[in-house]
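What follows is a set of notes on a single structure, which appears directly below.
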Amino acid sequence: MQYGDIFQQHRKDFNQALSTHVVERYRTLQMNEARACCVRQLETPDRFLDHIQR
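For what it's worth, the working numbering labels the leading residue of the sequence shown as 2, then goes sequentially.
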């Protein structure tokens, strides 16, 4: 099955954006946000949906 130029460009873009070395740059941000979410959950557990929708 042959894929068109647009599909191939999208595939290339996704592979570059989601490569291991690129994704590692987001680790600190993800950890900080996860910690903040846990703190908010402990402080106001009744607002669970608000915390996870941020």
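Each residue gets a CB set at the ideal place from its N, CA and C atoms; glycine is no exception.
Our two residues, Phe49 and Asn33, have alpha carbons roughly 18 Å apart in a direct line. Its chain contains Val23 as the residues whose beta carbon lies nearer than 8 Å to that of Gln17, once the 5 sequence neighbours on both sides are disregarded; these appear in chain order. Per DSSP, the continuous alpha helix (DSSP H) segment holding Leu50 begins and ends at 49-53. A direct Cα-Cα distance of roughly 29 Å separates Thr29 from Gln10. Take Arg26, set aside five residues on each side of it, and no residue of its chain has a beta-carbon closer than 7 Å to its own.
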